[in-house]
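Engineer:
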Amino acid sequence: MIVDLQRFIDRGQPVWQELEALLTRLERDPAAALDLEGVTRLHTLYERAACDLAELGNTVAEPALHDTLGRLVARAYSEIHAARVRQTRFRPLPWFLRTFPQTFRRQLRFFALACAITAAGTLFGSAALLLDPPSRSVLLPFGHDRTDPAERVAREEKTSLKQTAGRQQFSAFLLQNNARVSVFTLAAGILYGLGSGLLLFFNGAILGAIVADYLQAGQGLFLSAWLLPHGSVEIPCILIAGQAGLLLGATLFGRRSRLSFSLRMRAVLPDLTTLIGGATVLLAYAALVEAFLSQYHTPAAYLPKIAFGLAELLLLGLFLARGGPAPAHAMSTPPTKLHTLFIRTPEGVCLALPLASPALRGLAVFLDALVLGLLARLLATLAQSLSWISLDFANALFTLAYFLLTLLYFILLEWLWQGQTIGKRLLHLRVADASGLRLSFSQIAVRNLLRAVDALPFFYTVGGVAAWLSPRGQRLGDLAADTVVTVLTPDAPLNVAALNAGHWNSLRRHPRLEARLRQAVTPEQAALLFQSLQRREALEPAARLDLFRELAADLRRLAPFPPEITEDLTDEQFLRDVLDSLFRSHEPAATAPHAPEKNLATGVDGTDNF
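Numbering-wise, this note's numbering comes out as the position in the sequence shown, counting from 1, plus 62.
Next up, the structure:
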């Protein structure tokens, strides 16, 4: 096709210039927004420029014009079809105080998983050091494997106040090191989350080994005063970095999402940036605390330092749990504490599960702790009886047995007793799936592996605070496993007389068929029939009709009554008659004719059926 280039340019140049000016204005000001007229004009200019590019085609006479027009159309296409979000200038303080805690709570399940992996590593590191002392050379970093904890404590108590130089350099080094570890933990999530998981486990193993080494040497007070001031913030920051890495790994998998990889990554990038940025800010504070407070090991300051660290942990938990409330448009009503969990099934049935209070759950945990104490005492007695073989062998056997006991007690009992332990059974509590589904073994394992985190720093302080803040009373383990703890209520007695009050049972006219029906119906079918009729008012109309139709069809086949008795009855009326025949006290057949007769043409008797 021959194109008159001069005429082509003269005709299209005003359109191209207007389109370029509009695109430049939008690209320079991300916060700019177009009204309806502006959007319509942009789309019109884009269509005209695209038509000009198509008309120009592959003309080689002016390749520069073709390339310029192609870039202009590409810019307009990107602007029109991209999901343009109104942006505002970055404000650090609102971002940290509002966006960061909101993002943390939105991805809380990955934080719970990071806590579980780290807790598993901590248990592994502690057990490895206690059961295999030579492993300290591998597990303990920064030369701790070459020094005795008691000797280091004595040396630090004498020299810590004199070492005042270089605090600023040490603080900067700590910040750089911790930030690098956090970013690397996030970046390792590119290996589908496995890299982040391994780093979290490794950090947990080191922490567990250090704790076990100092506790074994009787230096628990020094260890608490050393770690708590900065560790109360530093360790949660590493966990938040692991949370971001696990989120990245889950995004790479994307099995439950229909979005493409690029769209999934685009959706989580703001959360990843916010999590690692917020963790870095907190790490800067932790580095200052470690450099200027944690390294002063004066015995008189131990208790104040421990109190300071616990206060930091509490404030950080409140900030992450309560900070940055959801915007008004995203939350119609504020979250309130629930005492009953309502679950609506696909059939339209509304199930009500009474939730256990944190106090009742704490009492159940206390009873389980008593049982564990008795079992531990029994294990200690058995291990002591084996001390004649070797004292080290007896101690190692007791340590291993006690570890397995505390780990498997809750998991096995809740699996074998359908969500109950001894303490829960005594108080009539049960663990249940938050969606009303069958409780799986993986849910039981996850919620109990996180018990080590919920129990920190003493007797479930973390878990109690989480349950108090959660609307459904869930601790971290429950949030990760999507479970709740419910209160078991006794089953209501079968009150058939109240259910069928004022209703005449037309099946009584055939006592032999009634007897055959009672013999054919199983106890499970009878219980299902009673529960369905008892809860009929809670069913949606369509689901109610479908349910009663299926139940009536099954029961009609068991005992075929004469058509003139059942054909004019609705399915629900027939089921109520069957229920009455199954559970009522059967009087002699001679009394049946005195009941009101039913009009077979209308299916209505002398009393009100419903």
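Glycine included, C-beta positions come from ideal geometry on N, C-alpha and C.
Please state if the CB of residue 165 and the CB of residue 360 are separated by a distance shorter than 7 Å.
Structural biologist: Here the question's residue 360 lines up with position 298 in the sequence shown. Here the question's residue 165 lines up with position 103 in the sequence shown. No. Outside cutoff.
Engineer: Can you give me the Cβ contacts of residue 390 inside the same chain, cut-off strictly under 7 Å, excluding the 5 residues immediately before and after it?
Structural biologist: Translated into positions along the sequence shown, residue 390 becomes position 328. Unreliable positioning characterises residue 390 in this predicted model, as indicated by a pLDDT of 40, which lies under 50. A coordinate reading is not provided.
Engineer: Determine the direct distance from the alpha carbon of residue 469 to that of residue 259, and round the result to whole angstroms.
Structural biologist: Numbered from its first residue, the sequence shown carries residue 259 at position 197. Numbered from its first residue, the sequence shown carries residue 469 at position 407. If I take the Cα positions, the gap works out to 21 Å.
Engineer: In angstroms, rounded to a whole number, what distance separates the CA positions of residue 355 and residue 332?
Structural biologist: Start at 1 with the first residue of the sequence shown, and residue 355 comes out as number 293. Start at 1 with the first residue of the sequence shown, and residue 332 comes out as number 270. Roughly 34 Å separates the two Cα atoms.
Engineer: Using DSSP bridges, identify the partner residues of residue 416.
Structural biologist: By 1-based counting over the sequence shown, the position of residue 416 is 354. DSSP, once it has assigned bridges, lists 402 as partnering residue 416.
Engineer: Classify residue 504: buried if its beta carbon has 16 or more other beta carbons within 10 angstroms, exposed otherwise.
Structural biologist: Within the sequence shown, the letter at position 442 stands for residue 504. With fewer than 16 Cβ atoms within 10 Å of its Cβ, residue 504 is classed as exposed.
Engineer: Can you check the stretch 473-519 for any beta strand (DSSP E) of at least 3 residues that lies completely inside it and give the ranges in chain order?
Structural biologist: 491-495
Engineer: Within 10 Å of its beta-carbon, does residue 367 have 16 or more other beta-carbons around it, so buried, or fewer, so exposed?
Structural biologist: The count along the sequence shown starts at 1 and reaches residue 367 at position 305. Per the 10 Å Cβ criterion, buried.
Engineer: By DSSP, does residue 433 sit in helix, in strand, or in coil?
Structural biologist: Counting from 1 along the sequence shown, the entry for residue 433 is found at position 371. Residue 433 sits in a helix when the DSSP states are folded into three classes.
Engineer: Which partner residues does residue 523 have in the DSSP bridge list?
Structural biologist: The residue given as residue 523 occupies position 461 in the sequence shown. BP columns for residue 523 are empty, so no partner.
Engineer: Judging by CA-CA distance, which residue of 327, 174 and 141 is the nearest neighbour of residue 88?
Structural biologist: Here the question's residue 88 lines up with position 26 in the sequence shown. Of the candidates 327, 174 and 141, the one whose C-alpha sits nearest the C-alpha of residue 88 is 141.
Engineer: How big is the Cα-Cα spacing for residue 218 and residue 199?
Structural biologist: In the sequence shown, the residue the question calls residue 218 occupies position 156. In the sequence shown, the residue the question calls residue 199 occupies position 137. As the crow flies, the alpha-carbon of residue 218 is around 21 Å from that of residue 199.
Engineer: From 382, 622 and 310, pick the residue whose C-alpha is nearest to that of residue 43; which is it?
Structural biologist: Past the edges of the chain, shown from 63 to 672, lies residue 43, and the structure says nothing about it.
Engineer: Under the assumption that residue 183 contacts residue 265 (Cβ atoms under 8 Å), give the Cβ distance between them as a whole number of angstroms.
Structural biologist: In the sequence shown, counting from the first residue as 1, residue 183 sits at position 121. In the sequence shown, counting from the first residue as 1, residue 265 sits at position 203. About 7 Å separates the beta carbon of residue 183 from that of residue 265, a gap short enough to meet the 8 Å contact definition.
Engineer: Taking the alpha helix (DSSP H) that residue 165 belongs to, which residues open and close that run?
Structural biologist: Position 103 of the sequence shown holds residue 165. Element bounds for residue 165: 162-168.
Engineer: Can you tell me where the alpha helix (DSSP H) holding residue 548 begins and where it ends?
Structural biologist: Working through the sequence shown from its first residue, we reach residue 548 at position 486. In this chain, residue 548 is not harboured by any alpha helix (DSSP H); it is covered by the beta strand (DSSP E) spanning 545-549.
Engineer: If we count the other Cβ atoms within 10 Å of its Cβ and call it buried at 16 or more, is residue 211 buried or exposed?
Structural biologist: In the sequence shown, the residue the question calls residue 211 occupies position 149. Burial call: buried.
Engineer: Going by Cα to Cα distance, which pick from 514, 440 and 479 is closest to residue 460?
Structural biologist: Within the sequence shown, residue 460 is the residue found at index 398, counting from 1. Looking at the Cα atoms, 440 is the closest of the given residues.
Engineer: Can you say whether residue 527 is buried or exposed, counting buried as having 16 or more other CB atoms within 10 angstroms of its CB?
Structural biologist: As a position in the sequence shown, residue 527 is number 465, starting the count at 1. Under this definition residue 527 is a buried residue.
Engineer: Which one of 253, 546 and 512 has the shortest CA to CA distance from residue 492?
Structural biologist: The sequence position of residue 492 within the sequence shown is 430, counting from 1. Ranking the options by Cα distance to residue 492, first place goes to 546.
Engineer: Give me the residue from 437, 622 and 403 with the minimum Cα distance to residue 497.
Structural biologist: Start at 1 with the first residue of the sequence shown, and residue 497 comes out as number 435. Among 437, 622 and 403, the Cα nearest to that of residue 497 is on 403.
Engineer: Answer yes or no: do residue 81 and residue 107 have a C-beta to C-beta separation smaller than 7 Å?
Structural biologist: The residue you call residue 81 lines up with position 19 of the sequence shown. The residue you call residue 107 lines up with position 45 of the sequence shown. Cβ distance < 7 Å, so residue 81 and residue 107 count as in contact.
Engineer: Around the Cβ of residue 450, are there at least 16 other Cβ atoms within 10 angstroms (buried) or fewer (exposed)?
Structural biologist: For this step, residue 450 is matched to residue 388 along the sequence shown. Burial call: exposed.
Engineer: Contact defined as beta carbons within less than 8 Å: I believe residue 621 pairs with residue 637. What is the distance between those atoms, to the nearest angstrom?
Structural biologist: Position 559 of the sequence shown, counted from the start, is the residue given in the question as residue 621. Position 575 of the sequence shown, counted from the start, is the residue given in the question as residue 637. No, residue 621 and residue 637 are not in contact; Cβ-Cβ is about 13 Å, not under 8 Å.
Engineer: Going by beta-carbon coordinates alone, are residue 313 and residue 330 separated by less than 7 Å?
Structural biologist: Along the sequence shown, one-based indexing puts residue 313 at 251. Along the sequence shown, one-based indexing puts residue 330 at 268. Contact flag set, yes.
Engineer: Indicate whether residue 643 and residue 602 have their beta-carbon atoms separated by less than 7 Å.
Structural biologist: Position 581 of the sequence shown, counted from the first residue, corresponds to residue 643. Position 540 of the sequence shown, counted from the first residue, corresponds to residue 602. No, these two residues do not count as a Cβ contact at 7 Å.
Engineer: On a CA-only basis, which of 423, 419, 465 and 456 is nearest residue 437? Give me that one, please.
Structural biologist: Residue 437 sits at position 375 when you count from the first residue of the sequence shown. The shortest Cα separation from residue 437 among 423, 419, 465 and 456 belongs to 465.
Engineer: Considering only heavy atoms of the ligand FMN, does any lie closer than 6 Å to the CB of residue 445?
Structural biologist: Among the components modelled here there is no ligand, and therefore nothing to report on the ligand FMN.
Engineer: Assign residue 522 to one of two classes, buried (16 or more other C-beta atoms within 10 Å of its C-beta) or exposed (fewer than that).
Structural biologist: The residue given as residue 522 occupies position 460 in the sequence shown. It counts as buried.
Engineer: Determine the contact status of residue 307 and residue 250, defining contact as a CB-CB distance below 7 Å.
Structural biologist: On the sequence shown, residue 307 is found 245 positions in, with the first residue counted as 1. On the sequence shown, residue 250 is found 188 positions in, with the first residue counted as 1. Result yes, Cβ atoms of residue 307 and residue 250 sit closer than 7 Å.
Engineer: Is the Cβ-Cβ distance between residue 176 and residue 304 less than 7 Å?
Structural biologist: Within the sequence shown, numbered from 1, the residue matching residue 176 stands at position 114. Within the sequence shown, numbered from 1, the residue matching residue 304 stands at position 242. Residue 176 places its beta carbon less than 7 Å from that of residue 304.
Engineer: Considering only C-alpha positions, which residue in the set 208, 172, 275 and 213 is nearest to residue 298?
Structural biologist: Here residue 298 refers to the residue found at position 236 when the sequence shown is read from its first residue. With distances taken between Cα atoms, residue 298 lies closest to 172.
Engineer: Compare the C-alpha of residue 487 against each of 538, 429 and 512 and name the closest.
Structural biologist: Locating residue 487 in the sequence shown gives position 425, counting from the first residue. Out of 538, 429 and 512, 429 has the C-alpha closest to the C-alpha of residue 487.
Engineer: Considering Cα atoms alone, identify which of 509, 499, 139 and 434 is closest to residue 485.
Structural biologist: Within the sequence shown, the letter at position 423 stands for residue 485. Nearest option by C-alpha distance: 434.
Engineer: Can you have a look at residue 155 and say buried or exposed, based on whether 16 or more other CB atoms are within 10 angstroms of its CB?
Structural biologist: By 1-based counting over the sequence shown, the position of residue 155 is 93. Residue 155 comes out exposed.
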